[in-house]
Amino acid sequence: MHSEKASFGLKLAAWGGLLFLHLPLLLIALYAFNTEEAAFSFPPKGFTLHWFSAAFARPDVLQAIRLSLQVATLATAIALVLGTLAAAALYRRDFFGKQTVSLLLVLPIALPGIVTGLALLAAFAGLGLKPGLLTMVVGHATFCVVIVHNNAIARLRRTSHSLIEASMDLGADGWQTFRHVILPNLGSALLAGGMLAFALSFDEIIVTTFTAGHEKTLPLWLMNQLSRPRDVPVTNVVSMLVMLATMLPILGAYYLTRGGESVAGSGK
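UniProt numbering applies: residue 1 is where the sequence shown begins, and numbers increase by one.
Written as structure tokens, this is what we have:
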């Protein structure tokens with residue numbers, strides 16, 4: 001009889017892969033509490049929270065955090081609106097150009113980041129827009145839309161259309177049907193899509209490099225710190241905060257969509 005349990009070798013390979021992927025992240029978190037100012041002194045000589053207070057006392061760090069939060073929040077809000085509307089338009093009916101529209105939605109995240117960044121830079125230059133907050137928000141929203149769209153369209157395809165027809169038969173107008181039938185069914189999928197989009201935007205660096213101009217988000221600040229070895233302890237603290245800011249929304253989105261077909265992308 002075939003056993004459904006994984007063999008010891010397969011388990012060992014899986015844990016080895018996880019360790020290979022996450023050990024560098026664990027080391028960065030460990031160095032954030034190290035008492036030594038040396039870049040990477042192992043094993044750590046002691047435990048301290050000094051570098052956290054030092055990081056939050058720096059105006060450049062706080063400014064970068066505020067800018068990253070602002071860009072990610074605005075990009076996520078735009079993605080929630082456009083991604084949901086696109087999903088509502090595409091999930092049931094066929095029309096001429098439907099596949100082209102679907103391809104255009106996926107294209108910004110499917111292309112290499114440098115290609116997307118160059119294309120956005122050329123488009124903004126053609127429109128006479130100088131790189132700054134607006135261009136960053138638009139640039140991030142272009143690849144966040146597909147995250148929300150995939151979650152929303154997967155949930156819509158699993159929602160029985162008879163519920164919508166029953167609502168309309170009972171006298172509800174379009175807004176009432178959306179508010180009381182469609183939106184409650186989409187709630188967790190939109191929340192998960194929004195959390196994933198926020199995490200994706202918060203730590204984006206390639207597209208941001210082409211659209212930020214003189215502005216510095218947190219990832220750009222971290223990249224600039226690589227040439228300053230004396231600031232490594234503070235950099236480790238900020239790196240750990242970026243990891244938490246991206247990991248927690250992803251874990252939350254996984255919790256909201258686990259065990260079902262509403263996982264991002266399953267509706268494609």
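A virtual CB, placed ideally from N, CA and C, is assigned to each residue, including glycine.
Treat the numbers as computed from the prediction; the structure is a model and nothing was measured.
Residues in the same chain with beta-carbon distance under 8 Å from residue i, minus the five sequence neighbours each way, listed in chain order, please.
| i | result |
| --- | --- |
| Met1 | Reliability fails at Met1, whose pLDDT of 49 lies under 50, so the model's placement of it is uncertain and the value that follows must be treated cautiously. Hits under 8 Å: none found. |
| Ala264 | Here the model assigns Ala264 a pLDDT of 41, short of 50, so the residue's position is not dependable, and the following value carries that caveat. Only Ile147, Asn150, Asn151, Ala154, Ala192, Gly193, Leu196, Ala253 and Thr257 meet the Cβ criterion. |
| Ser266 | Note that Ser266 scores a pLDDT of 42, beneath 50, so its modelled location is shaky; the value from the coordinates is reported in the next line. Cβ within range, chain order: Asn150 and Ala154. |
Of the choices the options, whose alpha-carbon is the least far from that of residue i?
| i | options | result |
| --- | --- | --- |
| Leu256 | Val234, Gly128, Leu10 and Leu191 | Leu191 |
| Ile65 | Val234, Trp221 and Asn236 | Trp221 |
| Ala87 | Pro219, Val101 and Arg179 | Val101 |
| Asp231 | Ala13, Ala32 and Lys11 | Ala32 |
| Gly245 | Gln176, Thr76 and Phe198 | This sequence places Ala at residue 245; Gly is not what is there. It is Phe198 whose Cα lies nearest to the Cα of Ala245. |
| Leu49 | Leu104, Leu80, Thr35 and Met223 | Thr35 |
| Met247 | Leu62, Arg228, Ser201 and Thr208 | Ser201 |
| Gly113 | Leu218, Gly9, Phe210 and Leu10 | Phe210 |
| Leu80 | Gly132, His140 and Val61 | His140 |
For a test of your reading of the model: does the CB of residue i fall under 7 Å from any non-hydrogen atom of the ligand NAD? Yes or no.
| i | result |
| --- | --- |
| Asp173 | The model depicted lacks the ligand NAD and carries no ligand whatsoever. |
Please list, in chain order, all residues of the same chain as residue i whose beta carbon is under 6 Å from its beta carbon, the five residues on each side excluded.
| i | result |
| --- | --- |
| Phe143 | Pro108 and Ile109 |
| Ala29 | Met240 |
Can you tell me whether residue i is buried or exposed, with buried defined as 16 or more other CB within 10 angstroms of its CB?
| i | result |
| --- | --- |
| Ser68 | buried |
| Gly126 | exposed |
| Ile206 | exposed |
| Met136 | buried |
| Glu204 | buried |
| Glu261 | The predicted model places Glu261 with a pLDDT of 46, which falls under 50 and marks its position as unreliable, so this point remains unresolved. |
| Leu23 | exposed |
Give the DSSP bridge partners of residue i, in chain order.
| i | result |
| --- | --- |
| Phe47 | Asn34 |
Tell me which same chain residues have a C-beta within less than 7 Å of the C-beta of residue i, skipping the five on either side of it?
| i | result |
| --- | --- |
| Lys130 | Gly213 |
| Asp46 | Per the sequence presented here, residue 46 reads as Gly, with Asp not at that position. Once the five neighbours on either side are set aside, the close Cβ partners of Gly46 are Thr35. |
Whether or not the segment 172-189 and the segment 108-125 are in contact is what I'm after, with contact meaning three or more pairs of Cβ atoms, one per stretch, closer than 8 Å; do they touch?
In this structure the segment 108-125 does not touch the segment 172-189; the number of beta carbon pairs closer than 8 Å is below three.
At least 3 beta-carbon pairs within less than 8 Å: the segment 44-56 vs the segment 227-237:
Here the segment 44-56 makes contact with the segment 227-237; the two share three or more CB pairs at distances below 8 Å.
Three-pair Cβ contact test at 8 Å for the segment 154-166 versus the segment 93-103:
Result no; under three Cβ-Cβ pairs closer than 8 Å.
Check whether the segment 174-185 and the segment 19-35 are in contact - that is, three or more C-beta pairs closer than 8 Å.
Because the criterion of three Cβ pairs below 8 Å is not met, the segment 174-185 and the segment 19-35 do not touch.
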